[in-house]
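2 protein chains.
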Amino acid sequence: MSRLEEKTIKTEKIFSGKVISLQVEEVELPNGNISKREIIKHPGAVAILALTDENRIVMVEQYRKALERTIIEIPAGKLELNEDPEACAKRELEEETGYGCKEMEWLISFYTSPGFADEIVHLYIARGLEKKENALAPDEDEFVNLMELTLEEAEHYLKEQKIYDAKTAYAVQYLQLQKALNQ
Amino acid sequence: MSRLEEKTIKTEKIFSGKVISLQVEEVELPNGNISKREIIKHPGAVAILALTDENRIVMVEQYRKALERTIIEIPAGKLELNEDPEACAKRELEEETGYGCKEMEWLISFYTSPGFADEIVHLYIARGLEKKENALAPDEDEFVNLMELTLEEAEHYLKEQKIYDAKTAYAVQYLQLQKALNQ
Numbered sequence: 010m011s012r013l014e015e016k017t018i019k020t021e022k023i024f025s026g027k028v029i030s031l032q033v034e035e036v037e038l039p040n041g042n043i044s045k046r047e048i049i050k051h052p053g054a055v056a057i058l059a060l061t062d063e064n065r066i067v068m069v070e071q072y073r074k075a076l077e078r079t080i081i082e083i084p085a086g087k088l089e090l091n092e093d094p095e096a097c098a099k100r101e102l103e104e105e106t107g108y109g110c111k112e113m114e115w116l117i118s119f120y121t122s123p124g125f126a127d128e129i130v131h132l133y134i135a136r137g138l139e140k141k142e143n144a145l146a147p148d149e150d151e152f153v154n155l156m157e158l159t160l161e162e163a164e165h166y167l168k169e170q171k172i173y174d175a176k177t178a179y180a181v182q183y184l185q186l187q188k189a190l191n192q
Numbered sequence: 010m011s012r013l014e015e016k017t018i019k020t021e022k023i024f025s026g027k028v029i030s031l032q033v034e035e036v037e038l039p040n041g042n043i044s045k046r047e048i049i050k051h052p053g054a055v056a057i058l059a060l061t062d063e064n065r066i067v068m069v070e071q072y073r074k075a076l077e078r079t080i081i082e083i084p085a086g087k088l089e090l091n092e093d094p095e096a097c098a099k100r101e102l103e104e105e106t107g108y109g110c111k112e113m114e115w116l117i118s119f120y121t122s123p124g125f126a127d128e129i130v131h132l133y134i135a136r137g138l139e140k141k142e143n144a145l146a147p148d149e150d151e152f153v154n155l156m157e158l159t160l161e162e163a164e165h166y167l168k169e170q171k172i173y174d175a176k177t178a179y180a181v182q183y184l185q186l187q188k189a190l191n192q
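In the order they appear, the protein sequences are chains H and W. Every position in the first sequence, counted from 1, becomes a number in the working numbering once 9 is added. Every position in the second sequence, counted from 1, becomes a number in the working numbering once 9 is added.
Set out below in structure tokens:
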């Protein structure tokens, strides 16, 4: 046991929903004291930085109930039970945008809110996009506006806080870095 | 009402804890159908990319109960009620690292998990660090190992997935971008 580890004494399951579940864990701290941790369990997610042949970034405008507003994000979605992340990325890209892709490459995975949630996002970059004729349909409770932005347009939306979430901010900065490295 | 908006019909409060609260909202979708949204309310947080005079990045190794492991992160912490984010960033930097700073500049704010949570992180960059003699103490349930990493070391830990969260990945990439732009 590392010096920082917190040992679980008791787990109280509070809620189990269709997306997340919540439990409160009583833990023993490294100094022997007792504390509580509120923890959200999430199935994990994928996000896709999809670039058209004209180097436009495929984005979706979507209402986010947690924020009570629409924001512009790269396509993303939750992993289904035992689903391979790359397969999930291809599925979500097709469902949300109608695009298939010839190339899909893993970029990075990160936890979004390690202080209270185990959600991980696996970020992929997709190239060689082609519209599918009979594309998979979005989830029945999912409504999005499709957009295809230049990097400059994405930077503008980021400044205006219409692009406003961690995975999309990371993806835009990734493209800024690639551009700077190639100049 | 925009075409994408989801109107709340009913809110069921499930849990209210010391960090997060959970509610389930029954919503009317843009097509008139009814669905449910599971929503976590969070007070918001700050994170600090703090650079020493030798350009080392101040990081903290911390056990994250949600992940059941330690990860290496930039210093961060929750906003207190009505707390100004910049004041919070200075407080958290001092509590977690013992450092005060001469310069604190806002870089970006982003939502971490817009699909289910309203948590926002305000990211600052701090320079002109100086150790405080009687620094504020960390929260009583907070145990961290202080580290000061070169960019190359941070890139190494990122590859090894010891740095593994969105805000820290964003901060490391920010430094990579600044380096590329200045070359």
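Note that the Cβ used here is the ideal one computed from N, Cα and C, for glycine as well.
Contacts between Y173/W and chain H, judged by CB atoms closer than 9 Å, involve S118, F119, Y120, P123 and I129 in chain order. Listed in chain order, the beta strand (DSSP E) elements of length 3 or more contained wholly in the stretch 52-122 of chain W are 54-59, 66-73, 78-82, 85-87 and 108-120.
In the structure shown, Q192/W adopts coil according to DSSP, grouped into three states. At the C-beta level, F125/W and P39/H stay beyond 8 Å of one another.
With respect to the 8 Å criterion, R78/W and L158/W are not classified as neighbours on the basis of their beta carbons. The beta-carbon separation of T177/H and I83/H, rounded to 5 Å, stays under the 8 Å limit for a contact. About 7 Å separates the CB atoms of L88/H and V55/H; that is less than 8 Å, so the two are in contact. Its Cα nearest to that of K141/W, the residue G109/W stands out among V181/W, G109/W, G86/W and S118/W. Note: T17/H is bridge-paired with V36/H in the DSSP secondary-structure output. A straight line joining the alpha-carbon of Q170/W with that of L186/H spans about 20 Å. Chain-ordered listing is empty here: chain W has no CB closer than 8 Å to the CB of E162/H, the nearest sitting near 17 Å.
When DSSP states are grouped into helix, strand and coil, A146/H belongs to the coil group. At least one beta carbon of chain H lies nearer than 8 Å to the beta carbon of P39/W. No residue range can be given for Y173/W, since it is assigned to no alpha helix (DSSP H) and is classified by DSSP as neither H nor E. Residue L13/H holds the alpha-carbon nearest to the alpha-carbon of E37/H among K27/H, A146/H, Q192/H and L13/H. Here the alpha carbons of T106/W and A146/W stand approximately 9 Å from one another. In the DSSP assignment, the residues bridged to R46/W are E34/W.
A Cβ-Cβ contact shorter than 8 Å links I48/W with E34/W. In chain W, no part has a C-beta under 9 Å from the C-beta of L155/H; the shortest such distance is about 12 Å.
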